[in-house]
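So the structure is just underneath, and the comments pick up after that.
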Amino acid sequence: MEQQEIITKMKMILAPYIKNPDALAHLDRSSDFIRDLKINSANLVDIVLDVEDTFDIEIDNEAMEHMLTVGAAIDIIKNKQA
Amino acid sequence: MIGNDIIDLEASRKESNWQRDGWVQKIFAGDEQKYIYLSVEPELMVWLMWSMKEAAYKIRNRMTRQTFYAPQKFVCSNILLEQSEASGKVTFGNIRMITNSSISKDYIHTTAIMEDNPRTINAYIGDTAKNKTPASGRPVLFKDKEGLPYLFEPLSGKISAVSVSHHGRFEAIVFAEK
Chain D
36 MEQQEIITKM KMILAPYIKN PDALAHLDRS SDFIRDLKIN SANLVDIVLD
86 VEDTFDIEID NEAMEHMLTV GAAIDIIKNK QA
Chain S
8 MIGNDIIDLE ASRKESNWQR DGWVQKIFAG DEQKYIYLSV EPELMVWLMW
58 SMKEAAYKIR NRMTRQTFYA PQKFVCSNIL LEQSEASGKV TFGNIRMITN
108 SSISKDYIHT TAIMEDNPRT INAYIGDTAK NKTPASGRPV LFKDKEGLPY
158 LFEPLSGKIS AVSVSHHGRF EAIVFAEK
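Residue numbers (my numbering), protein chains in the order written: chain D, 36 to 117; chain S, 8 to 185.
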């Protein structure tokens with residue numbers, strides 16, 4: 036799957052949890068879920084579950100530990116799909 | 008080192024579905040899941056343990072400045088839950104922390120301290136909606152160049168390093184008594 040396609044799907048996953056709508060428009064690889072997108076830390080679990088469902092992958096605890104930015108999430112998705 | 012976490016129970020009900028498939032399993036290890044499923048108030052137990060893990064994470068984060076997302080690595084145990092308060096332990100590797108929580112129908116507020124460095128903790132819990140108008144004598148929060156928060160108390164002139172937490176309607180500021 037192309038990076039752009041993953042980003043588009045990531046935006047759809049993130050939208051319901053983002054308290055700062057402007058941030059969604061400016062989202063890029065370096066966007067931090069908590070610091071930049073103001074996502075509640077309890078909702079990170081929902082994002083992990085949504086990513087698992089959307090991309091049909093399993094994210095283990097080790098991968099989840101580093102899934103704090105859009106870029107990290109994309110790398111995990113690409114890695115698991117490879 | 009102190010840490011704290013406040014959970015607005017009304018907001019958490021809106022923002023999270025803790026009964027979603029896989030949700031509990033991603034955050035809580037086996038023994039913690041027992042606390043949840045054996046509790047007469049499983050929802051309260053979920054958020055109590057979540058606040059314990061978050062308060063403990065803030066201590067760890069302040070020690071190392073590292074950010075990561077590993078809720079299962081903060082292991083809750085020895086939980087004593089009473090009507091309006093709770094206590095417990097959280098371990099992260101060989102780091103051992105003690106937590107105390109106050110519980111109302113609106114929020115859970117948890118503070119964490121290092122087991123080997125017990126401190127008396129002062130906490131201000133504010134309703135952010137009600138606290139908009141500044142009053143003289145009310146403590147003022149400010150941040151240093153590194154972004155670490157401090158509290159200035161105009162009445163005493165005292166400045167203390169603090170831990171800040173906010174969620175939904177509530178903001179909590181805690182600091183250790185010297």
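Backbone N, C-alpha and C define an ideal beta-carbon position, used for all residues, glycine too.
Which stretch, first to last residue, makes up the alpha helix (DSSP H) that contains Y157/S? Run containing Y157/S: none in the alpha helix (DSSP H); it sits in the beta strand (DSSP E), 156-160.
Provide the residue span of the alpha helix (DSSP H) that contains N96/D, from first to last. 96-100
Hey, F177/S and I132/S are a contact pair by Cβ (cut 8 Å); roughly how many whole angstroms apart? 6 Å
Run down chain A in chain order and give the residues with a C-beta less than 9 Å from the C-beta of E100/D. No chain A is part of this structure, whose protein chains are labelled D and S.
Assuming contact is defined by CB atoms lying nearer than 9 Å, are V86/D and I94/D in contact in what I supplied? yes
For T140/S, would you say it is in contact with chain D, using Cβ-to-Cβ distances shorter than 9 Å as the test? The pLDDT assigned to T140/S is 45, lower than 50, so where the model puts this residue is not dependable, and the model offers no usable value.
For the stretch 63-90 of chain D, list every residue whose C-beta sits within 9 Å of some C-beta in chain S, in sequence order. D67, F68, I69, R70, N75, S76, A77, N78, L79, V80, D81, V83, L84, E87
DSSP three-state label for G100/S, please. coil
Per the DSSP calculation, G95/S is bridged to which residue(s)? T106/S
Would you kindly work out how many angstroms separate the C-alpha atoms of S109/S and K60/S, rounded to a whole number? 15 Å
What separation, rounded to the nearest whole angstrom, lies between the Cα atoms of I128/S and S94/S? 14 Å
Closer than 7 Å at the beta carbon, the chain D residues around G29/S: L84
Residue range of the alpha helix (DSSP H) that A200/D falls in? The structure shown has nothing for residue 200/D, since chain D only spans 36 to 117.
Cβ of S58/S within 9 Å of Cβ of D12/S? yes
Have a look at the DSSP bridge pairing and note the partners of G133/S. E178/S
contact_flag[the stretch 30-43 of chain S, the stretch 8-22 of chain S] where n(CB pairs < 8 Å) is 3 or more: no
Secondary structure of V31/S, DSSP reduced to three states: helix
Could you pull out every residue in the same chain whose Cβ sits closer than 8 Å to the Cβ of A18/S, ignoring the five residues on either side in sequence? H174, G175, R176
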